[in-house]
């Protein structure tokens, strides 16, 4: 939380002070990391959901086959 | 490429991408020299250019995928185009966000509607609309055909974005190559990697970053293509289940 407050503070600054340039550097890398991580998490979640769907469909087909016998 | 092969390659590619990214990060902070005018904040530049480069490559791959789909009508080319546009859009977002954060200390503004920044917005919106187009068409072949044509035409926005700072006056600096007389303002920010150790170190860092982002792109492409294979498997199984439930034979 303190890190987030710090980054928010940098983002909301109205003036530009050369002494704060390192804060912009950190904010830049933070923003890039967040976008990249969000995409990785979205890939992982989609894959997990699809694998669950796949298992469910296979089970339904198996059950149906067992009931048909 | 089969799902088995993808499953074998993906963990290896993910590890290589992570390692190269860590190396790039280390070089950005500990190897690259501090830029004279901007100081440390210039270190954003290496990821900014790396991601912008990979974004452009991704959209070019999508164009090739679209063209090959129109020629061969093989589903894999549509999958490659779709995956590449999705990943390209992520890299374009990273490049734009990083550029905006760098712009605040450099230009004293987060955003400016200069030709380059306006055209990057147009490119972003154009590629975002690609997914709306796909979502609006039910029939699979028709969707892939329309999407292929769209993705080929959409590449014009990337060319325009690249060329814009070389022909118009713009707040955005030109990193490589010259500019026309009409864009003299932009040439003032020209950063050439001329001979000299400091300059050479910046050039090497940028090259390593570009390579590592390219590897990350390839790793994400493989992950995304596997996801599409899974989606297709689920869709096909859903059809079989639906047929069974209606009393037919799957």
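Chains as they are written, first to last, in the numbering used here: chain A, 1 to 69; chain W, 1001 to 1250.
Ideal placement from N, C-alpha and C gives every residue a C-beta, glycine not left out.
What you are looking at is a predicted structure, and each value in this text was computed from that prediction instead of being measured.
With 16 other CB atoms within 10 Å as the buried threshold, where does residue 1003 of chain W fall?
-> With fewer than 16 Cβ atoms within 10 Å of its Cβ, residue 1003 of chain W is classed as exposed.
Contact check, residue 1097 of chain W vs residue 35 of chain A under 8 Å by CB: the rounded distance?
-> Residue 1097 of chain W to residue 35 of chain A, Cβ: 6 Å. Contact.
According to a CB-to-CB cut-off of less than 8 Å, which residues of the region 41-59 of chain A neighbour chain W?
-> Result list: 43, 46, 47, 50, 51, 53, 54, 57, 58.
Stretch-stretch touch, CB-based, cutoff 8 Å, three pairs: the region 1074-1092 of chain W with the region 1110-1127 of chain W = The region 1074-1092 of chain W, when compared against the region 1110-1127 of chain W, does touch it at the 8 Å Cβ threshold.
Indicate whether at least one CB of chain W lies closer than 8 Å to the CB of residue 66 of chain A.
-> In terms of beta-carbon proximity, residue 66 of chain A stays away from the interface with chain W, with every pair separated by 8 Å or more.
Is residue 1119 of chain W near residue 1161 of chain W, with beta carbons less than 8 Å apart?
-> It is a contact, given that the beta carbons lie within the stated cut-off.
What did DSSP end up calling residue 58 of chain A once you bin it into helix, strand or coil?
-> Three-state DSSP puts residue 58 of chain A in a helix.
Minimum Cβ-Cβ distance from residue 1102 of chain W to chain A less than 8 Å = Interface with chain A (8 Å Cβ-Cβ cutoff): residue 1102 of chain W is included.
Could you tell me the distance, in whole angstroms, from the CA atom of residue 1079 of chain W to the CA atom of residue 1038 of chain W?
-> The alpha-carbon atoms of residue 1079 of chain W and residue 1038 of chain W are separated by roughly 42 Å.
Do the region 1029-1049 of chain W and the region 1223-1240 of chain W make contact, defined as three or more Cβ pairs closer than 8 Å?
-> The region 1029-1049 of chain W, when compared against the region 1223-1240 of chain W, does not touch it at the 8 Å Cβ threshold.
Can we say the region 1067-1076 of chain W touches the region 47-60 of chain A, given the rule of at least three CB pairs closer than 8 Å?
-> Segments in contact, no.
With distances taken Cα to Cα, identify the nearest neighbour of residue 1022 of chain W among W:1217, W:1230, W:1069, W:1208.
-> The shortest C-alpha separation from residue 1022 of chain W is found at W:1208.
Looking only at its own chain, which residues have a Cβ that is under 6 Å from the Cβ of residue 1053 of chain W, when we skip the five neighbours before and after it?
-> So the list reads 1210, once near-sequence residues are dropped.
Reducing DSSP to helix, strand and coil, say where residue 1247 of chain W ends up.
-> Residue state, collapsed to three classes: coil.
Top-ranked residue by Cα proximity to residue 75 of chain A, from W:1036, W:1171, W:1048, W:1164 = Chain A is shown only over 1 to 69; residue 75 of chain A falls outside these bounds and no answer can be derived.
Within 8 Å of chain W by C-beta, residues of the region 22-36 of chain A in sequence order | Against chain W - using a Cβ distance shorter than 8 Å - the residues of the region 22-36 of chain A are 22, 24, 25, 27, 28, 29, 31, 32, 35, 36.
Which residues bound the alpha helix (DSSP H) around residue 1104 of chain W?
-> Counting along the chain, the alpha helix (DSSP H) containing residue 1104 of chain W begins and ends at 1075-1107.
Near residue 1111 of chain W, which residues of its chain fall below 8 Å by C-beta distance, leaving aside the five closest residues on each side in sequence?
-> Take residue 1111 of chain W, set aside five residues on each side of it, and the residues of its chain with a beta-carbon closer than 8 Å to its own are 1100, 1103, 1117, in chain order.
In its own chain, which residues sit with a C-beta less than 7 Å from the C-beta of residue 1031 of chain W, not counting the 5 before and 5 after it?
-> Hits under 7 Å: 1201, 1205.
So, is the C-beta of residue 1227 of chain W closer than 8 Å to a C-beta in chain A?
-> Yes, residue 1227 of chain W lies at the interface with chain A (some Cβ there is under 8 Å from its Cβ).
Pairwise C-alpha distance: residue 1007 of chain W and residue 47 of chain A = For the pair residue 47 of chain A and residue 1007 of chain W, the Cα-to-Cα distance works out to about 13 Å.
So residue 1058 of chain W packs on residue 1151 of chain W, CB below 8 Å; how close in whole Å?
-> By a beta-carbon distance limit of 8 Å, residue 1058 of chain W does not contact residue 1151 of chain W. Their separation comes to about 11 Å.
Take residue 1069 of chain W and list the residues in its own chain whose beta-carbon comes closer than 7 Å to its own, dropping the five residues that flank it on each side.
-> Taking residue 1069 of chain W as the centre and dropping the five residues before and after it, the same chain places the C-beta of 1077, 1078, 1081, 1144, 1148 closer than 7 Å to its C-beta, in chain order.
Put residue 49 of chain A into one of helix, strand or coil per three-state DSSP.
-> If DSSP states are grouped into helix, strand and coil, residue 49 of chain A belongs with the helices.
Taking the continuous alpha helix (DSSP H) assigned at residue 1120 of chain W, which residues delimit it?
-> Taken as a continuous stretch (DSSP letters only), the alpha helix (DSSP H) holding residue 1120 of chain W covers 1115-1136.
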